[in-house]
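Just so you know, we're using my numbering here: the sequence shown kicks off at 4 and counts up by one.
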Amino acid sequence: MWNIAIPVWELILRGGVVYVFLLILLRITGKRQVGQMAPFDLVLLLVLSNAVQNSMNGGDNSLVGGLISATTLVGLNFLIGLVTYKSKKLEAIIEGRPQVLVHNGKLFEDVMASAKLTHHELDSALRQAGCNCIEEVHSAILENNGSISVVARHTLPPNSP
């Protein structure tokens, strides 16, 4: 329970490599995967965590090894948060930038395709914002967290200044 099978530095290195690998992998798969998790996405994350477990612990099943790995992951997550807070350039690389899906009623199909976002998902976000069609939308933005922010067009009454 208390005796670790591999050196502490190796546990830290393994945890760091797996963390960075998964961060890159999830960043490449797109915003939608993280922000709008479907049941199969949750299953993927659970299976993925099990798949990388042995690569992180190197066969060490000790309590201390698990605590070191957990501390490494939490520490790296804290450092990534700190780095992205301090550097907007690294924030853009790690977290990405919001993408405009609709502007003044015009849909950007190329952005939808690159984000792997379906029309059904966009239509659902529009309905939640009270818009029945794209023409009623001033802007729809795919945020970094995978959510879609919608701003409806505001039409003024005919006699307004």
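Where a beta carbon is used, it is the ideal one built from N, C-alpha and C, also for glycine.
Whole-angstrom distance between residue j and residue i, CA atom to CA atom
| i | j | result |
| --- | --- | --- |
| E112 | L104 | 8 angstroms |
| D63 | P10 | 10 angstroms |
| L25 | I31 | 10 angstroms |
| V67 | R100 | 39 angstroms |
| E138 | H122 | 14 angstroms |
| V21 | V55 | 7 angstroms |
| R2 | V46 | Outside the shown range of the chain (4 to 164) lies residue 2, about which nothing can therefore be said. |
| G133 | G19 | 44 angstroms |
| E13 | L70 | 13 angstroms |
| Q36 | G108 | Any reading at Q36 needs caution, since the residue's pLDDT is 46, under 50, leaving its predicted position unreliable; the model's value is listed next. Answer to the nearest angstrom: the Cα atoms are 26 angstroms apart. |
| S52 | N80 | 16 angstroms |
| Q102 | V114 | 7 angstroms |
| V50 | L82 | 26 angstroms |
| L85 | L48 | 24 angstroms |
From the options, residue whose alpha carbon lies closest to that of residue i
| i | options | result |
| --- | --- | --- |
| A95 | S58, N147 and G19 | N147 |
| L120 | N57, G68 and S150 | S150 |
| S117 | K109, L145 and R130 | L145 |
| A8 | L29, G61 and G18 | G61 |
| E124 | G108, A143 and K109 | A143 |
| G78 | V23, V140, D126 and L129 | V23 |
| L129 | V114, N53 and V154 | V154 |
| I27 | T87, L110, I97 and V140 | I97 |
| Q131 | H141, L49, S58 and S152 | S152 |
| W5 | I15, S65, V50 and L82 | S65 |
| S58 | L48, L16 and L85 | L16 |
Residue range of the alpha helix (DSSP H) that includes residue i
| i | result |
| --- | --- |
| A95 | K91 to E98 |
| H157 | From DSSP, H157 is part of no alpha helix (DSSP H); its letter is neither H nor E. |
| S127 | H122 to Q131 |
Start and end residues, beta strand (DSSP E) containing residue i
| i | result |
| --- | --- |
| I27 | Premise fails: I27 lies in the alpha helix (DSSP H), V11 to T32, not in any beta strand (DSSP E). |
| I144 | V140 to L145 |
> How do the segment 89-97 and the segment 63-80 stand: do at least 3 beta-carbon pairs fall below 8 angstroms, yes or no?
Replying inline: They do not touch, by the three-pair rule.
> Hey, which unbroken runs of the beta strand (DSSP E) at 3 residues or more fall wholly within the segment 56-120?
Replying inline: 102-106
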